[in-house]
Every structure is written in C-alpha cells, then in structure tokens.
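These notes are about the structure you will find just below.
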C-alpha cells in the first residue's frame, strides 16, 4: 500500500471541501483499502467520513418512505426489523453480501460506489480498458464471472448487491457537492461502459452520497432478493435478482425486476416486468417473465451457464413475491 | 480562544482516530506550521482558519493510543498501518493471524467495541476510542480460558490452528449476542472464516457445547 496522509472530516461540508484530486473519501474503507493493497488506487490523502455525525440513520416516514444515511452498515440493514419487514429485498441483499466481519464495517454508500470485482481490473498487471488501456481482457479471456448483457466494450458486472435491491425498490440518491444537493434516481445513476468505460456511476469528484431514499411502498407490495453463489458460505453472486411486485387482488399492477451480476450496471428487465403487469402471478406467468428476462443475453465463451441460473432465479423470486 | 485551546477543540473527536500527541505532531507540521511559517503572508484571520481545519497527519509516523484488551497502548504507526500490523508488530500480540490480508478469510478477526471486524482491513488510525479485543484478551483471567476456547480444546476444533483465533473470536462474539444459538447461527457467524483443513463441523460442535455451558467471557466493551 502506498503511503498517504490522513484526516478526519467533521461535517459533510468539510468533507466536500477537502475531497477531489488525489484526496479520496473513506467511509468503511473496505473496497478502497482492497484497491490500495492491490496497487490500483494510490490516493495521496484519505478524508475519513466514518465519524461524521448524523449519516447513519435508518428511519421511515409514511409520506417520504425509507431514509438511509450513507454510513448505515450492511449489518445494520440486515438487522433492522423495519427494513426486513417492509423492504425485505434490501435486508436480504445486505445480509447476504460479503462476510459478517465486512458487513459490520461496510456502508451502504460504499457498497453502491464500490469498483468492479473483475480480476483483470483488480490486477495491477493488466492495464485494461477501465484503467486507461485499450483492451478488455475478459472478452477473450477468463470470463466465467462476467457480464451476459451489455458486454461488448467491457464485461464487468456491477458488484453491488444492495444496488440490485435498491434499483428494484425505486430508490433515489441525495448527492451533496460544493454547489449544494441534487437528487438522482439510482437507476439513472449508473453509467454503462459505452458511455464512459472509466467509471461505473455519475458521482462527481467532489460529491458525497448523503442519503439513500426509498419511496413509500403501497400496501401489499412485496420484495424479494435471491442470490446464487458457488458455495454456501460467503461468496460473490454469480447471479442475483430482486423482484418487487405491486398487486391488486391476484393481478400484478406493477413489477420491478432487476438482475445483478448480469451487466456492467444493475439491469432492469422491462420485458419481464411487462410479462407480469396486468396478469395474475402464477407459475405459468412467472415462467414467461423469467424467459423474457434472459432473452437477448450475449454470454461470452465461459459464462453461458449464468443464463439458465438467472432464468431460474427470476422465476423463483417472482413466485416468492407472489 | 487561544491557539492552545483551538488545538484542543480541533483534536476532540468522539470516535476520531488521532491522539492528542499525534495531532500536535502532525498538525504542528502541516496546518499550524504552514500558518506560522507563512505568517508574513497570511493575515491573522487566515492563520486562525488554517488552525481550525481538522489536522492532517502522515504520511510519516503518527502516535495513536489504542485501547487493547482493557489497557491503553500507545503506538507509532503510519496512516497506512493496519490494526493487524499494529497489534502484531508494534504490540507483539501475534495471536491475531494475517493470512489473505484482504478481508477474505477472517483469520485476523478482532472485536471493535465487541463487534467482529477484519483487523487487516482496519487502519490503526481509524480505530479511535473503540475498544479492541484480541484473542489474547478473551480469557477472563490468567487461570481460566474463555468457554469457547475450552470447548475448542475439548472438541478438538482445530487442525493446523491458523484460522483458530479468528474462528474463536467469531464464535465468542456470537454467544455474546445470542446465548443459545442454533447450528444455522453458528454457520452464519463463521461464514467468513476460512478453514482450509475443513474442521468446520468440530467448530460448530464446540460452539454449541460452549453455549450449553453458559459461554460468556468478556464482552469486549472495555
């Protein structure tokens, strides 16, 4: 790890004023330290926001919905009875990410902003497209954990499990920068490699996530998150899926279906949602929707196995939310 | 407010990472130093503003006071020094093992305020006033081991032993949280702890047995 300077931010304004350039904000620090240890990030100064007061609240308001401070840990999301009862997909996404030790420290803000886990990106030895090189090594290389959609330029999958659930729940981010606050739908926050291969989201160099908001869910809305890894204990997902269903009687009035670990951004699959909306949710419609969810997939040489896994997870998640 | 008072107020941070001595050392060389050195150029107001800026320390050594196993220990570390390195190399507490150094194996598990974390992914300057408990601090006194340690011996819950301190810290934290855990609870609590010998079934057995005998030791809050 390179040497660096260290400073504690006292407030959001203080952090915003002092970040940018080679000064990088640190919250839980897990992804950042990982990259620094691998030599792919070499900040000159860390601005620690972990002790900034007032950024770790979980609260719900009937009008505005769920409010999460960016420093809420994955363990807190998992343990919160409010989140578990009303926003189940988010609690399960957080509770199945990484290890208990990491969940105790990792924050929801950091989870949304973490860099991809692609082993070519993570290795100092590969100067890949994402690091300013001219090749995506995954396209012709070891791509068993890579994208099956949107993978023509760069085949990373978005690494955030909470993003999968939060996009499905229609979450919005509050971002604070030198010019004040702005709000953005989480779905629109992520950036595809076609648009800019060097980044995964549109956060400004001097912006912080200062809140994650989930709009109020109508009565009877259910959300489910399912993850498939290679082993039972902690693992990155080879596939994860979040499904949110609003219903009126037996009919689905609105569906939100998001695939994680499928594409460089959390991937909302409208065709699958449309296959459910206006129809009764049952094994048959779930099958049709699941098949629509993976239509048009463009798997690479070693990750075709992910397509039927996604199809199965979508079907199961729909049935679990029904 | 005198300069000394301002230094003290800048330094105050409920859980912040840097000791008073570290601040004086670091800030003296950066913010305050710059203000004084450039005193001829900066007005009094600018110099005061520079002093109010939170201190910047490093990249060289900074003095940090860690609360480890109930005792205050001062260490000189660079900002990039991990808690695991500080414990092992500065304080000689080699019970905490470093294996992957990336948060993937949990061999380096210690408690911060009673909560298990990877000490390899925690910077020593980031610990602040949080109480650190290592495997060396788990036993209630010199005569007795922690019930989970006793059970690990009795149930032969180790082979090469390298993952054992981390495993025990995970299992003992679970019993503090939940006195009567299920097998599923133990599996979840140890899901981050890699054991390449594959001794998991014995770990599960030992932890459930320790729970039955009332497995409480230190809570790690002191």
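Chains as they are written, first to last, in the numbering used here: chain L, 36 to 357; chain P, 481 to 702.
Where a beta carbon is used, it is the ideal one built from N, C-alpha and C, also for glycine.
Nothing here was measured: the structure is a model prediction, and the numbers come from that model.
- Message: For residue 613 of chain P, count the other beta carbons within 10 Å of its own beta carbon; 16 or more makes it buried, fewer makes it exposed. Which is it?
- Response: Along the second chain, one-based indexing puts residue 613 of chain P at 133. Residue environment: residue 613 of chain P is assigned as buried (16 or more neighbouring CB atoms within 10 Å of its CB, all protein chains considered).
- Nearest-angstrom Cα distance between residue 626 of chain P and residue 674 of chain P? As a working mapping, residue 626 of chain P is identified with position 146 in the second chain. As a working mapping, residue 674 of chain P is identified with position 194 in the second chain. Here the C-alpha atom of residue 626 of chain P lies approximately 22 Å from the C-alpha atom of residue 674 of chain P.
- Using a C-beta to C-beta distance shorter than 9 Å, which residues of chain L count as neighbours of residue 661 of chain P? Within the second chain, residue 661 of chain P is the residue found at index 181, counting from 1. Result: empty, since nearest Cβ-Cβ is about 13 Å, beyond 9 Å.
- Measure the C-alpha to C-alpha separation of residue 619 of chain P and residue 216 of chain L and round it to an integer number of angstroms. Taking the second chain and counting its residues from 1, one reaches residue 619 of chain P at position 139. Taking the first chain and counting its residues from 1, one reaches residue 216 of chain L at position 181. Approximately 50 Å, taken between the alpha carbons.
- Below 7 Å CB to CB, which residues in the same chain sit around residue 241 of chain L once its five sequence neighbours on both sides are set aside? Looking up residue 241 of chain L in the first chain gives position 206. Take residue 241 of chain L, set aside five residues on each side of it, and the residues of its chain with a beta-carbon closer than 7 Å to its own are 51, 54, 55, 212 and 213, in chain order.
- Item | Terminal residues of the alpha helix (DSSP H) in which residue 629 of chain P lies | The count along the second chain starts at 1 and reaches residue 629 of chain P at position 149. Start and end: 627 to 634.
- When the Cα of residue 123 of chain L is compared with those of L:280, L:346, L:162 and L:331, which residue comes out closest? Taking the first chain and counting its residues from 1, the one referred to as residue 123 of chain L is at position 88. The shortest C-alpha separation from residue 123 of chain L is found at L:280.
- Item | N- and C-terminal bounds of the alpha helix (DSSP H) containing residue 234 of chain L | If you number the first chain from 1, residue 234 of chain L lands on position 199. Bounds of any alpha helix (DSSP H) do not take in residue 234 of chain L, whose DSSP letter is neither H nor E.
- Task: Report the three-state DSSP secondary structure of residue 120 of chain L (helix, strand or coil).
- Result: Residue mapping note: residue 120 of chain L aligns to position 85 of the first chain, counting from 1. Assignment of residue 120 of chain L by DSSP, reduced to helix, strand and coil, places it in the helix class.
- Item | Any chain L beta carbon closer than 8 Å to residue 586 of chain P | Your numbering for residue 586 of chain P matches position 106 in the second chain. At least one CB of chain L lies nearer than 8 Å to the CB of residue 586 of chain P.
- Short-range partners of chain L found in the segment 600 to 633 of chain P, where Cβ spacing is below 9 Å: Listed in sequence order: 600, 601, 602, 603, 605, 606 and 608.
- Query: Using a C-beta cutoff of 8 Å, does residue 710 of chain P count as contacting chain L?
  - Reply: Residue 710 of chain P falls outside the range modelled here, since chain P spans only 481 to 702, and no answer is possible.
- Message: Can you confirm whether the segment 628 to 639 of chain P touches the segment 560 to 576 of chain P when touching is taken to mean that 3 or more C-beta pairs between the two stretches lie within less than 8 Å?
- Response: Between the segment 560 to 576 of chain P and the segment 628 to 639 of chain P, the count of Cβ pairs shorter than 8 Å is below three; the stretches do not touch.
- Task: Compute the distance between the beta-carbons of residue 263 of chain L and residue 344 of chain L, then report whether it is under 8 Å.
- Result: Position 228 of the first chain, counted from the start, is the residue given in the question as residue 263 of chain L. Position 309 of the first chain, counted from the start, is the residue given in the question as residue 344 of chain L. Contact flag set, yes.
- Message: Let's test the definition: count the other Cβ atoms within 10 Å of the Cβ of residue 139 of chain L and tell me whether it reaches 16, buried, or not, exposed.
- Response: Position 104 of the first chain, counted from the first residue, corresponds to residue 139 of chain L. Buried.
- Message: Three or more C-beta pairs under 8 Å: does that hold for the segment 216 to 236 of chain L against the segment 58 to 72 of chain L?
- Response: Taking 8 Å as the limit for Cβ pairs, the verdict is that the segment 58 to 72 of chain L does not touch the segment 216 to 236 of chain L.
- Would you kindly work out how many angstroms separate the C-alpha atoms of residue 162 of chain L and residue 230 of chain L, rounded to a whole number? For this step, residue 162 of chain L is matched to residue 127 along the first chain. For this step, residue 230 of chain L is matched to residue 195 along the first chain. If you draw a straight line from the Cα of residue 162 of chain L to the Cα of residue 230 of chain L, it comes to about 20 Å.
- Kindly list the residues whose CB is nearer than 6 Å to the CB of residue 602 of chain P, restricted to its own chain and excluding five residues on each side of it in sequence; keep chain order. Taking the second chain and counting its residues from 1, one reaches residue 602 of chain P at position 122. Excluding residues up to 5 positions away in sequence, 563 lie with their Cβ nearer than 6 Å to the Cβ of residue 602 of chain P in the same chain.
- Message: Below 7 Å, is the gap between the Cβ of residue 173 of chain L and the nearest heavy atom of the ligand ZN?
- Response: This structure lacks the ligand ZN, and indeed carries no ligand of any kind.
- Query: Alpha carbon to alpha carbon, how far is residue 347 of chain L from residue 48 of chain L?
  - Reply: Taking the first chain and counting its residues from 1, one reaches residue 347 of chain L at position 312. Taking the first chain and counting its residues from 1, one reaches residue 48 of chain L at position 13. Spanning the two alpha carbons is a distance of roughly 46 Å.
- Put residue 650 of chain P into one of helix, strand or coil per three-state DSSP. By one-based count along the second chain, residue 650 of chain P stands at place 170. Helix.
- How many whole angstroms separate the CB atoms of residue 197 of chain L and residue 146 of chain L, which I take to be in contact at a CB cut-off of 8 Å? Here residue 197 of chain L is taken as the residue at index 162 of the first chain, counted from 1. Here residue 146 of chain L is taken as the residue at index 111 of the first chain, counted from 1. Going by Cβ atoms, the distance from residue 197 of chain L to residue 146 of chain L rounds to 5 Å, so yes, they are a contact pair.
- Can you list, in chain order, the residues of its chain whose CB lies under 6 Å from that of residue 260 of chain L, leaving out five sequence neighbours each side? Working through the first chain from its first residue, we reach residue 260 of chain L at position 225. Once the five neighbours on either side are set aside, the close Cβ partners of residue 260 of chain L are 124, 127, 128, 200 and 277.
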